[in-house]
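What follows is a single structure, written as structure tokens, with notes after it.
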Amino acid sequence: MDLHRCRFVDYTPHTITSLAFSQPSSPEKLAPSDLRLAVGRSNGDIEIWNPRHNWTHELTLAGSKGRSIEGLVWSSSSSNNDNESSRLFSIGGSTYITEWDLKTGRPLVNYDCNAGTIWSIDVNFKGDKLSVGCDDGSVVVVDISGGVGSLEYDIVCQRQDARVLSIKWNGDKQIVGGCADGRIRVWSYDKNTKGRILSTMRVDKSKTESTLVWTLEVLPKRNQLISGDSTGHVKVWDLKFFTLMQSFKIHDADVLCIVRDANEERFYSAGIDRKIHQYDLLHTKSSSKWVHSFNRLLHSNDIRAMAIMESKSFKVLVSGGVERAITIQPIDSFQDSKYKKLLVNQQISNVLVVPEQKFVILWQDQVVKIWKILNNGKHKLISKLILSDDENITSVDFKGNSLAVAKMTSVKIYELDEVDAENDRYMINKIRDENFDSMIAGSKKVKYITDSKLLVLTPDEELYQFSIDSENSQISLEDQIELIEHDSSSSISYNDNVKNLTLTPNYKNIVISRFNGSIEVYPLDGRDAFIVTKLSSLSSQPHLLTCRNDDQLLVLTNENKILEFNLFNQDQLLTAWSKRNSEFLPRQFTSLDDKPEGMFVKDEKLWVYGTSWICYFDLTRNIPISKLYKNISTGKKRRRDGLSLDDDIDINGDVIQLESSLKQSEIDKLKRQIKEEEDGVGGEVADDGEDEDMHERESKVFSLTEKYRPIMKVVDFGPNELLIVERPYFALPTTPAFNLPKLRI
0 MDLHRCRFVD YTPHTITSLA FSQPSSPEKL APSDLRLAVG RSNGDIEIWN PRHNWTHELT
60 LAGSKGRSIE GLVWSSSSSN NDNESSRLFS IGGSTYITEW DLKTGRPLVN YDCNAGTIWS
120 IDVNFKGDKL SVGCDDGSVV VVDISGGVGS LEYDIVCQRQ DARVLSIKWN GDKQIVGGCA
180 DGRIRVWSYD KNTKGRILST MRVDKSKTES TLVWTLEVLP KRNQLISGDS TGHVKVWDLK
240 FFTLMQSFKI HDADVLCIVR DANEERFYSA GIDRKIHQYD LLHTKSSSKW VHSFNRLLHS
300 NDIRAMAIME SKSFKVLVSG GVERAITIQP IDSFQDSKYK KLLVNQQISN VLVVPEQKFV
360 ILWQDQVVKI WKILNNGKHK LISKLILSDD ENITSVDFKG NSLAVAKMTS VKIYELDEVD
420 AENDRYMINK IRDENFDSMI AGSKKVKYIT DSKLLVLTPD EELYQFSIDS ENSQISLEDQ
480 IELIEHDSSS SISYNDNVKN LTLTPNYKNI VISRFNGSIE VYPLDGRDAF IVTKLSSLSS
540 QPHLLTCRND DQLLVLTNEN KILEFNLFNQ DQLLTAWSKR NSEFLPRQFT SLDDKPEGMF
600 VKDEKLWVYG TSWICYFDLT RNIPISKLYK NISTGKKRRR DGLSLDDDID INGDVIQLES
660 SLKQSEIDKL KRQIKEEEDG VGGEVADDGE DEDMHERESK VFSLTEKYRP IMKVVDFGPN
720 ELLIVERPYF ALPTTPAFNL PKLRI
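All residue numbers for the sequence shown refer to numbering that gives the first Met the number 0, where the first residue is 0 and numbers rise by one.
Following this line, the structure appears as structure tokens:
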């Protein structure tokens, strides 16, 4: 097998600007099933992550050029129905508050506050009011109690001259703002004095420049306020008398973010000096005071945002910034616990490889780059397409010489024509069809069936098939594929959305999986669509799909279990390979730390890969059950590092025990049966010597390597060839980081 290592694809993730969990912390309860993390990026994208099963990247809400996400909040109103999902609001370099529709991936409402550019946003505890701090010194309160899509003007608070850089609600009767003139102002939201400034508190001034109060955190039970400013000070204030209680000068530069725990006995600060500091409340007989406990250096550049989540079995601090990685660490043993970084994590890939033409395609923001791998092993950039629209690209596909580029507002089709074969020169031409442009108003995903037939999945979850006549510049609608409807009562609005879409190798059937666990087949010859199966429990929902052949589908679930289904034989749903092997996958595979990114079948081998590993399973052979390999599943093992949420919960919050433990007698009996099948004789349970032989054979049935990293894509690149697209961390461009003093010993 020839392995081509490709390191020229210049993908660079964007800076993380804001982080927000969809539910408030509740340390006594199990985490709700609809808990999500929203990650705002500097290119305007918002990523939705599910912390269950090793952090699954579920959605990307596409942004647009010059619209960085500067603030994110979720409103989970206490008056909401149980099935009503949390609402997501964002701000970004404009006078608008945007509410997002997670089902379509589009903005639901853009509400103009009619004040200056918005710098900060917060939601009150009830979840029915938003307050925003603006460039012109005003604080605007917006009423969102009317339900999804409803934003109504409430009041504009008393204006002052300085920018409001940070804002927080103190209960439902006060709004606290950190300003650009080194002052913290408190506005009233009580009936008689609504909108008036109640008090002003001053932080330490810098001699050379004005002090900026970047971040605030309120402790409502203690009636205290914590502030972080550009001098590096963290200060604790009394909100009853508006006086300074304590001051810490621990940071070497600006403090950009502060978060607290649910019990208000611990808080964290971070900023430009890259360190995260922990402070604990120390109780004495007569009083209590804050003390600085620990600090950790986990980031290589400025920390722009932090978020904290606590539940019964999941207590984590999430941070991110200029380094671009989402960093997750448990808060129970903050100072020395394991931590996890999600940097080049391509669960939603933006790389496409075309083995027939030896093309590698990358798309990001408004740019599509196409490289060709030449016969001498070198590469050449043959096309760079920069789209004039501001919206970010959502999906790209290529077949023959036809290129489809999708955005949330349009789909464009191009032809790549070879002009000079010797010098590998290509010309790119757009197929212009005004009827097509008016017919389709954007797409989440495009997929070629043949080079003249294209599938388009719209933001409204409608699937269309178009035929492309490039000679006459015509793109005509051939068919609308009616998707099976589901009665959803989930609190997750995108629960019925399409997650994966693939085609059988003969291009006669579309296979899709949804977030609700349903796997469906849509024949393209006019036969009726049908549901193959619905994997109902949270951990067994499909994460990846690939077809082994025209009749068999391989599914990798959220819990790293591989199932193989007969697509057209409902009586025998699981194949013989799956019945024999799905429950006995090697522990080395099922307990991997990095989430799988992709999988494909090549020469009866199933290849699966993640950021730091590649493995294969030989589908023609059974996985031996071996004492040495410890791949027997003996009940559910919970992860002990606390970095991932693995208490699988149904809608009622009950813990589902997904795997029943196997008794040793059953294991022995199964071993005996396998031995009889393989040797054709009645045998006894393998002794230790036979176990070692089995282990040697096993290495050919399953193999895993961690030699390549970080991996963006692995594909079949022709007979006995694989292409591995890597993006080395050291190659990522970076801005200068704060220079911490080095200790020389």
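Glycine included, every Cβ here is placed at the ideal spot set by N, Cα and C.
Is the beta carbon of SER17 sitting closer than 9 Å to the one on GLY62? no
So is SER512 buried or exposed if we call it buried at 16+ other beta carbons inside 10 Å? buried
Can you list, in chain order, the residues of its chain with a C-beta nearer than 6 Å to that of LYS337? Leave out the 5 residues immediately preceding and following it. ASP640
Around the C-beta of MET426, are 16 or more other C-beta atoms found within 10 angstroms, so that it is buried, or is it exposed? exposed
For SER382 and VAL350, I'd like the C-alpha separation in whole angstroms. 15 Å
Can the beta-carbon of LEU644 be found less than 9 Å from the beta-carbon of HIS3? no
Cutoff 6 Å; reference LYS368; Cβ partners in own chain excluding five residues on either side: LEU361 and LYS383
Test item: CB-CB of ILE388 and THR408 under 9 Å: The residue asked about is misnamed: residue 388 is Asp in this sequence, not Ile. Their beta carbons are under 9 Å apart, which means ASP388 touches THR408 by this criterion.
Would DSSP call GLU433 helix, strand or coil? helix
Do you know offhand how far LEU534's Cα is from SER24's? 29 Å
Mapping the DSSP letters down to three states, classify LYS102 as helix, strand or coil. coil
As an exercise, report each continuous alpha helix (DSSP H) stretch of at least 4 residues that is fully enclosed by the region 497-541, in chain order. none
LYS172 - DSSP class collapsed to helix/strand/coil: coil
List, from N- to C-terminal side, the beta strand (DSSP E) runs of 3 residues or more that fit wholly inside the region 537-610. 541-546, 551-556, 561-565, 597-601 and 604-608
For the candidate residues CYS256, SER198 and ASN515, whose alpha-carbon lies nearest to that of TRP213? CYS256
Does the Cβ of GLU151 have 16 or more other Cβ atoms within 10 Å, making it buried, or fewer, making it exposed? exposed
List in chain order: all unbroken beta strand (DSSP E) runs of 3+ residues lying wholly within the region 156-205. 163-169, 173-178, 182-187 and 196-201
For PHE729, the three-state DSSP class (helix, strand or coil): helix
Beta carbon of GLU264, beta carbon of LEU238: below 9 Å? no
Taking the beta carbon of LYS284 as the centre, do at least 16 other beta carbons fall within 10 Å, making it buried, or is it exposed? exposed
Can you name, in chain order, every residue of its own chain whose Cβ lies under 6 Å from the Cβ of VAL185, other than the five neighbours on each side? GLN173, VAL175, LEU197 and SER198
For GLU603, which residues in the same chain have their Cβ closer than 6 Å to its Cβ, ignoring the five residues on either side in sequence? LEU618 and THR619
Let me make sure I understand the geometry here. Which of LEU462, ASN428, LYS429 and THR449 has the alpha-carbon closest to that of SER442? LEU462
Once the 5 residues before and after ASN505 are set aside, which same chain residues still bring their CB inside 6 Å of it? ASP549
Cα-Cα separation, HIS694 to PRO623: Low local confidence applies: a pLDDT of 45 at HIS694 is under 50, so the model's placement there is unreliable, with the coordinate-based value given in what follows. In a straight line, the C-alpha of HIS694 is about 8 Å away from that of PRO623.
Could you have a look at VAL700 and say whether DSSP puts it in helix, strand or coil? helix
MET438 (DSSP reduced to helix, strand or coil): helix
Hey, quick one: how far does the beta strand (DSSP E) through PHE293 stretch, first residue to last? 287-296
Do ALA269 and ILE302 have their CB atoms nearer than 9 Å? yes
What are the boundary residues of the beta strand (DSSP E) that LEU281 is part of? 274-282
Could you give the distance in angstroms between the alpha-carbon of ASP127 and the alpha-carbon of PHE247? 34 Å
Residue closest to ASN109, alpha-carbon to alpha-carbon, out of LEU341, LEU87, PHE124 and GLU322: LEU87
LEU555 and LEU572 - do their beta-carbons sit closer together than 9 Å? no
Output the boundary residues of the beta strand (DSSP E) element that contains SER17. 15-20
Would you call the CB atoms of THR545 and LEU605 closer than 9 Å? yes
For TYR707, does the three-state DSSP call read helix, strand or coil? coil
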